[in-house]
Amino acid sequence: MDIPGYLTTEQAARRLGINPQSVYNLANQAPDFPKPTKVGRASLWPVEGIDTWRAAHPARRRNPPE
Numbered sequence: 001m002d003i004p005g006y007l008t009t010e011q012a013a014r015r016l017g018i019n020p021q022s023v024y025n026l027a028n029q030a031p032d033f034p035k036p037t038k039v040g041r042a043s044l045w046p047v048e049g050i051d052t053w054r055a056a057h058p059a060r061r062r063n064p065p066e
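Below, the structure is given as structure tokens:
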């Protein structure tokens with residue numbers, strides 16, 4: 001599905017560097033995470049909302065420097 005300005009769950013996960021289930025977990029648990037738009041059974045995530053959320057929540061480093 002290709003709707004300008006929206007990402008599928010898989011695309012949103014890749015953009016954030018997380019797995020698709022984590023996108024749903026964030027949507028359910030983080031109050032400032034963008035909510036999806038439903039098109040049929042598919043969840044579509046606003047690109048601008050995903051990018052804004054990422055800017056406010058930088059990715060964690062997996063191996064912090066010692």
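Residue 3 in full-length UniProt numbering sits at position 3 of the sequence shown, with consecutive numbering throughout. C-beta: ideal position from N, C-alpha, C; glycine also.
Which residue marks the beginning of the alpha helix (DSSP H) containing ALA55, and which one marks its end?
Numbered from 1 along the sequence shown, position 55 holds the residue referred to as residue 55. Looking at the DSSP string, the run of the alpha helix (DSSP H) that includes ALA55 is 47-56.
Mind checking whether THR37 and LEU44 have CB atoms under 7 angstroms apart?
Along the sequence shown, read from residue 1 onward, the residue named residue 37 stands at position 37. Along the sequence shown, read from residue 1 onward, the residue named residue 44 stands at position 44. A contact, by the Cβ cut-off of 7 angstroms.
Run the CB neighbour count on PRO34, radius 10 Å, all protein chains shown included, and call it buried at 16 or more, exposed below.
Within the sequence shown, numbered from 1, the residue matching residue 34 stands at position 34. Buried, since its Cβ has 16 or more Cβ neighbours within 10 Å.
From ALA41 to THR8, what does the alpha carbon distance come to, in whole angstroms?
Here the question's residue 41 lines up with position 41 in the sequence shown. Here the question's residue 8 lines up with position 8 in the sequence shown. The sequence as given places Arg at residue 41; Ala does not occur at that position. Each residue's alpha carbon lies about 11 angstroms from the other.
Should ALA12 go down as buried or exposed, given a rule of 16 or more other Cβ atoms within 10 Å for buried?
The residue given as residue 12 occupies position 12 in the sequence shown. When all chains shown are included, ALA12 counts as buried.
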